[in-house]
Amino acid sequence: GDRIYNGAVDNATGCGVLVELAHAWSMLPQKPRRSAIFLAVTAEEAGLKGSQYYAEHPFIPLAKTAANINYDALFPYGRTKDIGAPSVERTTLLPLVEEAAKRFQMRVTGDPRPEDGGYYRSDHFSFAHGGVPAFSVESGQDFYGKPAGWGEKMAAEYNAKNYHQPSDEYREDWDFSGLEQYAKFGFVLGINIANDRNLPTWQPGDEFLAARQKSLGAGTGSKD
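Here the numbering used here is used: the first residue of the sequence shown is -4, the next is one more, and so on.
Take a look at the structure:
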C-alpha cells in the first residue's frame, strides 16, 4: 500500500551478508597475510558511481588489491547445489573459487545469459576496469527439494513482479539457509585469497589483463 522501494532482495540480502562477513573476519584469532576491506558503495543504479569513486581513489592501491568479491541481490529461497560466479573463469581465481564451493557441496556455474552484459553493470566492474580480478557471487538455481527449473522460474517471477518495485519487501516465509551457504563460501574464499602468495590476475588475452599489468608495473611485484 505504499511507494517505498525497500529493496529487501535487491540488495538488503547482499548487505546482510557483507555485514556478517565483516563481523566474522574481525573475530579471526589469526589474521590472514593480506587485510580485507569491506566496502558498501552507493549509486550503483546511477552508473556504478560509488564503486567507480573507490576504484579511482582506493584506500589500498589497486596494484596491491588481490581481488574484489561482490555481493548484490541473493534469493532467500533455501539451499542450492550450485553457486553463480559469472566470468570468474576469466581470472586465475577459478581454482580457489571451485575449492571453496566444493567445501559446501556446491558446483560453480557461469553466466546463464552473457548476452545481457550483466558483468558490465554491477559494482565489481569498476574494479575489473582498474585491473583487479573481480566477480559477483550470485544465487544458485538448483535448489534442494525443488524440481528442475524451479530456481529459474522463481528468478523470472521476482524480476517480473518485484525487481525495482515497492513489492520487493521482506516476507516471513523466506529461507535464509542458502544465504548462509553463500556467506560461508565468501568467507573461506576471502581467507584463501588473502593467504595465497601469488597475486591473482586475468587469463591471457582477457580485456582487463592490460590494466592489471599496467597497475603492477606502476606498483609492486606479484607477491605483495
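Using N, Cα and C, we set each Cβ at its ideal position, and we do this for glycine too.
Query                                                                                                             : Result
For Asp118 and Ser46, believed in contact at Cβ under 8 Å, the rounded distance                                   : 4 Å
Residue interval of the beta strand (DSSP E) (run including Ile186)                                               : Here Ile186 belongs to no beta strand (DSSP E); instead the alpha helix (DSSP H) covers 172 to 190.
C-beta atoms of Ser149 and Tyr48 nearer than 8 Å                                                                  : According to the sequence as given, residue 149 is Met; it is not Ser. No.
Rounded separation between Glu164 and Leu57 - CA only                                                             : 36 Å
Spatial distance of Asn190 from Gly140 (CA atoms)                                                                 : 36 Å
Straight-line Cα distance separating Thr104 from Leu13                                                            : 22 Å
Runs of beta strand (DSSP E) lying entirely within the region 87 to 169, each at least 3 residues, in chain order : 102 to 104, 129 to 132
Residue span of the beta strand (DSSP E) that contains Tyr66, given as start and end                              : 63 to 66
Per-residue DSSP class, three states only, for Tyr0                                                               : coil
Cβ contact (3+ pairs, closer than 8 Å) linking the region 22 to 41 and the region 101 to 115                      : no
Pair within 8 Å by beta-carbon distance, Ala62 and Ile188                                                         : yes
Range covered by the beta strand (DSSP E) that runs through Gly79                                                 : 77 to 79
Tyr115, buried or exposed, once every other Cβ within 10 Å from all chains shown has been counted against 16      : exposed
Rounded straight-line distance, which links the Cα of Tyr158 to that of Arg(-2)                                   : 14 Å
Per-residue burial, His124 [other beta carbons within 10 Å of its own, 16 or more giving buried]                  : buried
Exposed unless 16 or more other CB atoms sit within 10 angstroms - verdict on Gly79                               : buried
Ser21 - containing alpha helix (DSSP H), residue span                                                             : 9 to 21
Within the region 19 to 47, ranges of the alpha helix (DSSP H) (whole runs, at least 4 residues)                  : none
Residue nearest to Gly228 in terms of C-alpha spacing, selected from Ala96, Pro199, Arg85, Val83                  : The structure shown has nothing for residue 228, since the chain only spans -4 to 219.
With 16 other Cβ atoms within 10 Å as the buried cut-off, status of Phe138                                        : buried
Cutoff 6 Å; reference Ile64; Cβ partners in own chain excluding five residues on either side                      : Gly181
Cβ-based burial, Asp106 [other Cβ within 10 Å; buried from 16]                                                    : buried
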